[in-house]
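Before any comments, here is the structure.
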Amino acid sequence: MKDKPFAGRVTAAALFLAAAGALAACGSAPPKSQVRTQDFATSGVSQLSIRANRAEGIPVRFGDTKPHAWGARSPASYPVHGLDAARYQGLIDWREARKSGISFAWLKATEGGDMIDPAFADNATGARRAGVPVGAYHFYYFCRPAHEQAAWFIENVPKVRGDLPPILDMEWNHLSPTCKLRPPPAEVRASIRTFSRIVERHYGTAPLIYTTPDFYERNELGSLSGVEFWLRSVKAHPNERYPDERWSFWQYSGTGLVPGVSGPVDLNAFGGSRQAWQVWLSQRSQG
88 MKDKPFAGRV
98 TAAALFLAAA
108 GALAACGSAP
118 PKSQVRTQDF
128 ATSGVSQLSI
138 RANRAEGIPV
148 RFGDTKPHAW
158 GARSPASYPV
168 HGLDAARYQG
178 LIDWREARKS
188 GISFAWLKAT
198 EGGDMIDPAF
208 ADNATGARRA
218 GVPVGAYHFY
228 YFCRPAHEQA
238 AWFIENVPKV
248 RGDLPPILDM
258 EWNHLSPTCK
268 LRPPPAEVRA
278 SIRTFSRIVE
288 RHYGTAPLIY
298 TTPDFYERNE
308 LGSLSGVEFW
318 LRSVKAHPNE
328 RYPDERWSFW
338 QYSGTGLVPG
348 VSGPVDLNAF
358 GGSRQAWQVW
368 LSQRSQG
């Protein structure tokens, strides 16, 4: 997801101000009221823009501002596609996105132990109303214990029947002005297990682990057992970047264009057929 960190930390007092629309502790994030009232007519990516940024190897209904010349094993060879988004995309026109072929979405909800994404609640509600299966992801912060981050996620992400399983986003906090810590691999894997155990107990379904090639390799995530992966690989098929690893979702672009979404957005493919997708949904959605 290559997320940008929040400029500030959300304290209890700041959360009160956020509810009033101030959101001063969230740096450059738009006020909640602004997110809620953004004009769909001016926010969505136009078909003209998509045609001008047609990318070979991705579904024809999408575009890419930095297209990659995919080979035979391209994203377009998979029938089920979705997106992941955060506050940077503003309010999404989910009906338009669904019409273009978006079949699922994960939205940033929390980060660390005291940050919330101000666009999550409105976009999650909009996705559900449009019939787009939606879930929440947590961006891990290495200067905070895993159990505190799991508790923060649970506090801010409601348990909704039919929602997608949670996501734990594991990548280095490379842009964070406050946390440069890079724990040893064994500690990273232990944190994943702790967070996953707590969150699964609450939601009744285990979180998927999203990660990047460098993070996966450095922390030997292939040694984790019983983990379902969502893998980032924007220049090659996941089987080239993560040899012998099993995966369910592939993030193939961080610069995609989708009708109904303002500006570039992450694009993802489910690693199976449409029938397999329906089976996966029935097994992994929140009960």
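The opening position of the sequence shown corresponds to residue 88 in this note's numbering, with each subsequent residue numbered one higher. Using N, Cα and C, we set each Cβ at its ideal position, and we do this for glycine too.
Discussion item. Which residues does DSSP list as the beta-bridge partners of Y224?
Written reply: The beta-bridge partner set that DSSP reports for Y224 consists of K195 and I254.
Discussion item. In this structure, how does DSSP classify L295 when only helix, strand and coil are distinguished?
Written reply: Per DSSP, reduced to three states, the secondary structure at L295 is strand.
Worksheet item: Cβ of D180 within 9 Å of Cβ of V348?
Response: Inclusion of D180 and V348 in the CB contact set at 9 Å is warranted, their separation being smaller than that value.
Item to complete: Report the option in E143, L251 and D201 whose CA atom is closest to the CA atom of S161.
Response: Comparing Cα positions, the closest option is E143.
Worksheet item: Starting from L318 and walking both ways along the beta strand (DSSP E), at which residues does that stretch end?
Response: Element bounds for L318: F316 to R319.
Worksheet item: If we ignore side chains and look at the alpha-carbon of each, how far apart do S312 and P270 end up?
Response: Looking at the backbone, the Cα of S312 and that of P270 are separated by about 20 Å.
Worksheet item: Near N355, what residues of its chain come up, given a Cβ to Cβ distance below 6 Å and the 5 sequence neighbours on each side ignored?
Response: So the qualifying residues of the chain are G169, F336 and Q338.
Discussion item. With H, G and I counted as helix, E and B as strand and the rest as coil, what does DSSP make of Q338?
Written reply: Strand at Q338.
Worksheet entry | Simplified DSSP assignment, three categories, for N306 | It is coil, neither helix nor strand.
Practice prompt. Indicate the three-state DSSP secondary structure (helix, strand or coil) for L262 in the structure shown.
Written response: Looking at L262 - three-state DSSP - the assignment turns out to be coil, as it is neither helix nor strand.
Discussion item. Quick check on the DSSP output: the alpha helix (DSSP H) that includes A208 runs from which residue to which?
Written reply: Taken as a continuous stretch (DSSP letters only), the alpha helix (DSSP H) holding A208 covers F207 to A217.
Practice prompt. State buried or exposed for V314, treating a residue as buried only when at least 16 other CB atoms are found within 10 Å of its CB.
Written response: Under this definition V314 is a buried residue.
Discussion item. Using DSSP's beta-bridge definition, name the partner residues of A172.
Written reply: According to DSSP, A172 bridges with L194.
Item to complete: Would you kindly work out how many angstroms separate the C-alpha atoms of G150 and R185, rounded to a whole number?
Response: Going by the C-alpha atoms only, they are around 15 Å apart.
Discussion item. Give me the residue from L344, R305, V345 and P300 with the minimum Cα distance to N326.
Written reply: Closest option to N326, Cα to Cα, is P300.
Worksheet item: Is D250 near K195, with beta carbons less than 9 Å apart?
Response: The answer is no: Cβ separation not under 9 Å.
Fill in: Cut-off 6 Å between Cβ atoms - residues of its own chain near A391, not counting five sequence neighbours on either side
This structure leaves residue 391 out entirely; the chain is present only between 88 and 374.
Worksheet item: Quick one, are the C-beta atoms of P253 and L295 less than 9 Å apart?
Response: Between P253 and L295, the C-beta spacing is below 9 Å.
Worksheet item: What span of residues does the beta strand (DSSP E) with F240 cover, start to end?
Response: Not the beta strand (DSSP E): F240 falls in the alpha helix (DSSP H), residues A233 to N243.
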